[in-house]
Amino acid sequence: MNGFAEIIGQDIIVSHLQNALRTGEVSHAYILNGAKGSGRHMIARSFSAALFCEDPQTVDGRVDACGQCMACLRTASGSNPDLIIPAREKENSIGVGDIRKMRADVQVKPYSSSRKIYILEDAEKMTPAAQNALLKTLEEPPSYAVIILLADGTSAFLPTIMSRCVTLPLRPVPEKAVEKCLIERFGADENRARLCARFSGGSIGRAAQLLENEKFAALRQKTIAFMREIDNKDAAEIAVFARETAADNETQDMIDFVLTWNRDLMVCRSTKSTENLIFTDEVQYIIKAASALSWSSLQSISEAVFRARRRLFSNVNAELTLQMMLLEIRRACISGSS
Ligand SMILES: [Zn+2]
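Per this note's numbering, the sequence shown starts with residue 27, numbered consecutively.
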């Protein structure tokens, strides 16, 4: 079962919830705000499990569910009748009807526990009317009810909702911690772990997805192979490469790979060390390339990449953006090789 010990990089939230468990001062409503894959479910489940547990344990100063009692077994198997994940009618929104059903259910006393916990997924999809309906429950919640809203932070709740909830924003997990987690929990090798951590945006969920994503690994190889040879590519080859990448919807990741690749060259050149490289399995080549290119051409490359990112962001055609970027990089490589 997930427990607090497994939560990485969210110390403020953990310490808040731990305090609630220790003192028994549990709020009736929480908002866990964070991107998909950032660990909101894990936090909500660990907290719920500890609240339901008949014999919570304190290990290393942390209160956690025992994992053995009837309540824990039910929670872990998804059959705890007092842990409710409300369903909704429409995939893309949570309507007033969905919330009314939940409100009616809240009035029914818990089945086997002293609490009844609701985990409302995708809470940012609540319509304003649904939020107003929820407000009625938040204003006069039964003593046993705890409502945990999981939101991705993309849309704002009504101020009246915010004022009745404890908002707990998840923070991006530092890259090093993501990397360590991928190695220790997912058995990733160091090279892959470092790369996936770099592209994860501080989300362990996204990093784990990338780790298992064969397309991501293939794109990495393809990018490196192309970048190594870019000064020998002609305009037609660059155009084909850009077209294929854009057609596969991989432009964004490709640009990020190129940026990371160039970042490695710059780090290697400026620190004369290979310690902090991301593409650790390309060290020999990176040392050679970093010394072969002038500093100003490395800077030109990184400017070209940032320009491409801005263009993509303002919806300039992906194929064209990528093609222009690669041509600019080729020019910088040819003029800057020493
Ligand atoms: Zn237990």
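Beta carbons are placed, not taken as given, at the ideal position from N, Cα and C, and that holds for glycine.
With contacts defined by Cβ atoms closer than 7 Å, Tyr-144 and Ile-110 form a contacting pair. The closest CA to that of Leu-346, considering only Val-40, Thr-277 and Arg-88, is found on Thr-277.
The distance from the Cβ of Leu-184 to that of Leu-146 is about 15 Å, inconsistent with a contact at the 8 Å cut-off. Sorted by chain position, residues whose beta-carbon lies closer than 5 Å to a non-hydrogen atom of ligand 1 are Cys-79, Ala-91, Cys-92, Cys-95 and Cys-98. If you ignore the 5 residues before and after Lys-62, its C-beta comes within less than 7 Å of the C-beta of Asp-178 and Gly-231, all in its own chain and listed in chain order. Excluding the 5 residues flanking it on each side, Val-40 has same chain C-beta neighbours closer than 7 Å at Phe-30 and Ile-33, in chain order. In this structure Phe-332 is exposed. Its beta-carbon is surrounded by fewer than 16 other beta-carbon atoms within 10 angstroms. Scanning Ile-38, Ala-233 and Asn-118 for the CA closest to the CA of Val-192 turns up Ile-38. Contact annotation: Asp-257 and Ile-327 have beta-carbon atoms that are not nearer than 7 Å. Note that the C-beta distance between Gly-121 and Thr-153 is below 7 Å.
For Arg-66, the uninterrupted alpha helix (DSSP H) run begins and ends at 66-78, by DSSP. Pairwise C-beta distances place the region 198-214 out of contact with the region 90-104, as fewer than three of them are shorter than 8 Å. Annotated three-state conformation of Val-331 is helix, per DSSP. Per DSSP, the unbroken alpha helix (DSSP H) holding Leu-245 starts and ends at 240-254. If only uninterrupted alpha helix (DSSP H) runs of at least 4 residues are considered, those enclosed by the region 194-222 are 201-212. Per DSSP, the unbroken alpha helix (DSSP H) holding Thr-286 starts and ends at 277-297. The way I'd put it, the region 248-266 does touch the region 337-356; three or more beta-carbon pairs between them come closer than 8 Å. Contact between the region 218-234 and the region 48-68 is established, with three or more Cβ pairs separated by less than 8 Å. Under the three-state reduction of DSSP, Val-134 is assigned to coil, being neither helix nor strand. Linking Thr-163 to Ser-169 through their CA atoms gives a straight-line distance of about 11 Å. The criterion of a C-beta distance shorter than 7 Å is not satisfied by Cys-92 and Asp-108. Residue pairing from DSSP places Arg-88 in a beta bridge opposite Val-85. Bounds of the alpha helix (DSSP H) holding Tyr-311 are 309-318. Within the same chain, and ignoring the five residues on either side of Thr-84 in sequence, the residues whose Cβ sits closer than 8 Å to its Cβ are Asp-90. Distances from the CA of Asn-239 to each of Asp-290, Pro-136 and Asp-279 were compared; the closest alpha carbon is that of Asp-279.
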